[in-house]
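To start, the structure itself, in C-alpha cells.
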Amino acid sequence: MSARSPDFTSIAFRQALGRFPTGVTVVTACMPGEDPVGLTVSSFNSVSLDPPLVFWSLSLGSSSKSVFERCERYIIHVLSAEQFDIASRFASGTREQRFEGVPLVRTAGGQLRLDLECAAWFECYNRHRFVEGDHLMLLGEVEHCEHSPALPLIYHAGGYDLTPARQ
Ligand SMILES: Cc1cc2nc3c(=O)[nH]c(=O)nc-3n(C[C@H](O)[C@H](O)[C@H](O)COP(=O)(O)O)c2cc1C
Numbered sequence: 001m002s003a004r005s006p007d008f009t010s011i012a013f014r015q016a017l018g019r020f021p022t023g024v025t026v027v028t029a030c031m032p033g034e035d036p037v038g039l040t041v042s043s044f045n046s047v048s049l050d051p052p053l054v055f056w057s058l059s060l061g062s063s064s065k066s067v068f069e070r071c072e073r074y075i076i077h078v079l080s081a082e083q084f085d086i087a088s089r090f091a092s093g094t095r096e097q098r099f100e101g102v103p104l105v106r107t108a109g110g111q112l113r114l115d116l117e118c119a120a121w122f123e124c125y126n127r128h129r130f131v132e133g134d135h136l137m138l139l140g141e142v143e144h145c146e147h148s149p150a151l152p153l154i155y156h157a158g159g160y161d162l163t164p165a166r167q
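Just so we're aligned, residue 1 is where the sequence shown starts under full-length UniProt numbering, counting upward by one.
Written out as C-alpha cells, the structure reads:
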C-alpha cells in the first residue's frame, strides 16, 4: 500500500501547515577549527522525557547541512518575544552577517551558545539523523537545558501576529 497523490497545491499545504503556531528557535553548531553555523528553525519539538529527546528538521538545501550531519553537538535556542530581529537575521544573509555583533559564550560542554536572554536553550548530542522527503530529520539527546521567564516568539501563518510584543 502507498499514499495517494496529494490533492492540494504546495501553496495550500504551506497555508494549512501555517495554521499550526510554533515557537521559533535558532540552532547553532561549531566544528573544531571552523566558524560557527546557525539558522532559524520552527520545526523544533519535544519527543521523549526519559531519555530527554528533541526533534527538528533541516532543509536539504541548507548551507549548513554538512555541519549538522557531522557535528557531535548543537545548541537549540528558543527565542523570546523580543528576539524577532534574531529570527530574521538567522533566516537570511551570510554566516558572518548572522553572528556579527552577537555575543557568544562557550558552554560547559564546549559548544558556542548565543549569549542572549532566550526563553530557553538546549545543548544536544547529535544522536540520530535520517532523510525524509526534502528534509534531514535530527533527533537530539538533551545534555543540558536552561530556561528564563521570558515569553516566547510565536510563528503563525507566515508571520508573528500571535506574539504579544509584535501586535
Ligand atoms: C520562522 C522561520 C522558521 C524556519 N524554520 C525552518 C526549519 O525548521 N528548518 C529549516 O531548514 N529552515 C527553516 N527556516 C528557514 C531557514 O532559517 C532559512 O532558509 C535559512 O536561510 C537557512 O540558512 P542556511 O542555508 O545557512 O542553513 C525557517 C525560517 C523562518 C523565518
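Heads up, the beta-carbon is just placed ideally off N, CA and C, and yes, glycines get one too.
Here the structure is a predicted model, which is why all the values come from computation and not from measurement.
Residue from the options with nearest C-alpha to residue i
i       : options                               : result
Gly-152 : Thr-22, Leu-139 and Gly-38            : With the sequence shown as reference, residue 152 is identified as Pro, and Gly is not the correct amino acid for it. Residue Thr-22 is the option with its Cα nearest to Pro-152.
Ser-59  : Pro-51, Asp-50, Glu-69 and Leu-53     : Glu-69
Leu-114 : Arg-129, Thr-9, Met-1 and Ala-29      : Ala-29
Ser-57  : Glu-82, Val-41 and Ala-12             : Val-41
Tyr-125 : Leu-53, Ala-16 and Thr-163            : Leu-53
Glu-117 : His-77, Ser-10, Tyr-155 and Leu-49    : His-77
Ser-63  : Gly-93, Pro-51, Ala-87 and Ser-43     : Gly-93
Thr-107 : Gln-97, Val-131 and Tyr-74            : Tyr-74
Ile-154 : Gly-33, Ala-16 and Phe-20             : Phe-20
Glu-72  : Tyr-160, Gly-109, Met-137 and Leu-104 : Gly-109
Val-67  : Glu-132, Ala-3, Pro-32 and Ile-11     : Pro-32
Gly-159 : Arg-14, Glu-132, Gly-133 and Pro-51   : Arg-14
Assigned secondary structure, residue i (DSSP; H/G/I helix, E/B strand, else coil)
i           : result
Phe-130     : strand
Leu-104     : strand
Val-67      : helix
Glu-117     : coil
Ala-3       : coil
Ser-48      : strand
residue 224 : The structure shown has nothing for residue 224, since the chain only spans 1 to 167.
Leu-17      : helix
Pro-36      : coil
Phe-84      : helix
Glu-72      : coil
Ser-59      : strand
Pro-149     : coil
Phe-90      : coil
Phe-8       : coil
For residue j and residue i, believed in contact at Cβ under 8 Å, the rounded distance
i       : j       : result
Ala-120 : His-147 : 4 Å
Ala-157 : Gly-18  : 4 Å
Asp-7   : Arg-95  : About 40 Å; that fails the 8 Å criterion.
Phe-90  : Val-26  : 5 Å
Gln-111 : Glu-100 : 19 Å between Cβ atoms; not a contact.
Chain-order list of residues whose beta-carbon lies under 6 Å from that of residue i (same chain, five-residue window excluded)
i      : result
Phe-55 : Asn-45, Val-47 and Leu-139
Val-24 : Ser-42, Leu-79, Ala-87, Leu-153 and Tyr-155
Cβ shell of residue i (< 8 Å), same chain only, five flanking positions each side left out
i       : result
Arg-127 : Leu-53, Leu-139, Gly-140 and Glu-141
Ala-16  : Phe-8
Own chain partners of residue i with C-beta closer than 7 Å, once the 5 adjacent residues on each side are dropped
i       : result
His-135 : Ser-57, Leu-58, Ser-59 and Leu-60
Lys-65  : Leu-58 and Leu-136
Could you tell me whether the region 74-94 touches the region 158-165, using the rule of 3 or more Cβ pairs below 8 Å?
yes
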